[in-house]
Amino acid sequence: MVETVLSQVQELGCAIQRLENTKSKLQQEVDSLSKHLESKRSDVREQERRLAELEVIFPSVSEPGDEVLSFDVGGQVVRTHRSTLMQFEGSVLATLASTRWTEGAKRSNGHLFLDMDPDAFKEVLEFLRERRLARGVHSVFSPQAARLAQYLGVPVDSIKDELCISMKNTLATDCSFSSFMFDVHMPGQWGCCLRAISFESSESPGRVTVYMRTGSFLGEPQSDASQWSEVCRGPLQPGQNRIELPRGEVLHIPPCTTAALFLFFEGGAKLRYSSKRPDVTYANMSKGDIQVIDSMRLSFGVGRNSGTTLFSLGLHSEDRYFVGEVVYSLV
434 MVETVLSQVQ ELGCAIQRLE NTKSKLQQEV DSLSKHLESK RSDVREQERR
484 LAELEVIFPS VSEPGDEVLS FDVGGQVVRT HRSTLMQFEG SVLATLASTR
534 WTEGAKRSNG HLFLDMDPDA FKEVLEFLRE RRLARGVHSV FSPQAARLAQ
584 YLGVPVDSIK DELCISMKNT LATDCSFSSF MFDVHMPGQW GCCLRAISFE
634 SSESPGRVTV YMRTGSFLGE PQSDASQWSE VCRGPLQPGQ NRIELPRGEV
684 LHIPPCTTAA LFLFFEGGAK LRYSSKRPDV TYANMSKGDI QVIDSMRLSF
734 GVGRNSGTTL FSLGLHSEDR YFVGEVVYSL V
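In our numbering, the protein residues as written are 434 to 764.
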């Protein structure tokens with residue numbers, strides 16, 4: 434009796450082992466199939482990525498409204514897809530490429546005539562083509578193409594052979610507040626365009642919004658929001674911060690003109706500034722050894738803190754001074 438039970442137990446053990454072996458083989462097959470399936474999925478994703486790239490480079494002519502447009506630009510014929518020109522919605526260029534405008538403006542020879550410099554237009558178009566392939570690409574134009582790009586509503590990140598100057602003071606700060614207005618003045622025959630601003634922020638992380646206007650902030654403009662234009666906004670950390678300013682007409686300061694900047698801080702951040710007039714140094718940040726002469730020197734004017742709410746009046750009427758750096762380019 435005991436031997437029979439032992440024999441049955443032994444057979445059961447063998448059966449269990451066979452099942453374990455079968456399970457192991459099945460698991461190996463499942464793992465192999467899973468790897469094969471994942472490999473095929475990876476191949477499909479790669480094909481989809483390549484297809485997406487091809488669709489960017491060669492937009493489908495069957496896509497509604499995205500046919501190839503032919504332009505006569507100053508006597509030279511230029512061809513490109515409509516979608517290439519419409520990357521910046523609401524821009525002058527997007528309007529020129531829109532179906533409504535092109536249908537009415539088409540000439541008898543099939544070209545759309547644009548009375549623009551052909552080389553400058555081609556330079557702008559080359560940037561737009563590159564941007565279709567890589568959205569993060571920065572635009573670098575010649576001065577003539579940069580002016581055309583700004584007119585067409587295409588952003589200008591940098592200009593070739595542009596003379597950039599750093600105006601900086603490093604006086605120790607002895608004041609801090611959450612809002613500050615100050616004047617800058619361009620004295621000579623040069624105009625300038627503001628490019629960046631650096632300063633020290635105290636207390637805690639936060640945000641800053643930069644506003645600008647033509648003319649001094651002193652008097653009524655200090656609290657009149659309608660006289661200011663928002664330039665940009667961005668995050669801040671305690672210590673030194675640098676804000677890159679977007680290009681735009683509002684940042685242009687003509688010769689012999691005063692403009693005002695307004696920095697409004699939120700989230701606990703505060704600007705550190707000075708109650709004493711600082712000494713200012715200038716440096717050419719461009720290639721070459723061009724000396725920064727007096728007519729090229731943007732100058733700091735007086736500053737004041739404003740109120741704790743946007744465009745409210747400040748807590749004091751004594752002169753205060755911005756401490757930091759303003760980078761500008763001559764135009």
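Just so you know, even glycine gets a beta-carbon here, dropped at the ideal spot from N, CA and C.
Three-state secondary structure (DSSP) at Asn454? Working through the sequence shown from its first residue, we reach residue 454 at position 21. The three-state reading of DSSP puts Asn454 in helix, counting H, G and I together.
Give a yes or no on contact between the segment 628-648 and the segment 748-762, applying the rule of three or more CB pairs nearer than 8 Å. Touching, yes, given that three or more Cβ pairs across the two stretches are closer than 8 Å.
For Met600 and Pro688, believed in contact at Cβ under 8 Å, the rounded distance: Position 255 of the sequence shown, counted from the start, is the residue given in the question as residue 688. Position 167 of the sequence shown, counted from the start, is the residue given in the question as residue 600. Actually they are not in contact, since the Cβ atoms of Pro688 and Met600 sit about 16 Å apart, beyond 8 Å.
With 16 as the cutoff for other CB atoms within 10 Å, does Leu466 come out buried or exposed? Sequence index remark: in the sequence shown, residue 466 carries index 33 (1-based). Leu466 comes out exposed.
How would you write the range of the alpha helix (DSSP H) that Ser516 sits in, first residue to last? Taking the sequence shown and counting its residues from 1, one reaches residue 516 at position 83. Its alpha helix (DSSP H) spans residues Arg515 to Leu518.
Could you check whether the segment 690-698 touches the segment 560-571, counting it as contact only if at least three pairs of C-beta atoms, one from each stretch, sit closer than 8 Å? no
Between which two residues does the alpha helix (DSSP H) holding Glu563 run? The count along the sequence shown starts at 1 and reaches residue 563 at position 130. From DSSP, the alpha helix (DSSP H) with Glu563 extends over Pro551 to Leu566.
Drop a sphere of 10 angstroms on the beta-carbon of Glu663, count the other beta-carbons inside from all chains shown, and report buried for 16 or more, exposed for fewer. The residue you call residue 663 lines up with position 230 of the sequence shown. Per the 10 Å Cβ criterion, exposed.
Residues of its chain near Ala553, where Cβ-Cβ distance is below 6 Å and the 5 sequence neighbours each way are ignored: Taking the sequence shown and counting its residues from 1, one reaches residue 553 at position 120. Around Ala553: Gln577, Ala578 and Leu581.
Unbroken alpha helix (DSSP H) run spanning Tyr644, endpoints: Your numbering for residue 644 matches position 211 in the sequence shown. Where Tyr644 is concerned, there is no enclosing alpha helix (DSSP H), although the beta strand (DSSP E) it sits in stretches over Gly639 to Thr647.
For Val463, count neighbouring C-beta atoms within 10 Å of its own C-beta (all shown protein chains included) and say buried if the count is 16 or more, exposed if not. Against the sequence shown, residue 463 aligns to sequence position 30. Exposed, since its Cβ has fewer than 16 Cβ neighbours within 10 Å.
Identify which residue in Ala658, His469, Ile598 and His514 has its Cα closest to the Cα of Val713. Sequence index remark: in the sequence shown, residue 713 carries index 280 (1-based). Taking only the C-alpha atoms, the option nearest Val713 is Ile598.
For Tyr761, report the span of its beta strand (DSSP E) as first-last. Position 328 of the sequence shown, counting from 1, holds the residue named residue 761. Taken as a continuous stretch (DSSP letters only), the beta strand (DSSP E) holding Tyr761 covers Gly757 to Leu763.
Please report how far the alpha carbon of Val511 lies from the alpha carbon of Asp499, in whole angstroms. Within the sequence shown, numbered from 1, the residue matching residue 511 stands at position 78. Within the sequence shown, numbered from 1, the residue matching residue 499 stands at position 66. The C-alpha of Val511 lies about 16 Å from the C-alpha of Asp499.
Look up Asn717 in the DSSP assignment and give the residues it is bridged to. Your numbering for residue 717 matches position 284 in the sequence shown. In DSSP, Asn717 forms a bridge with Ile598.
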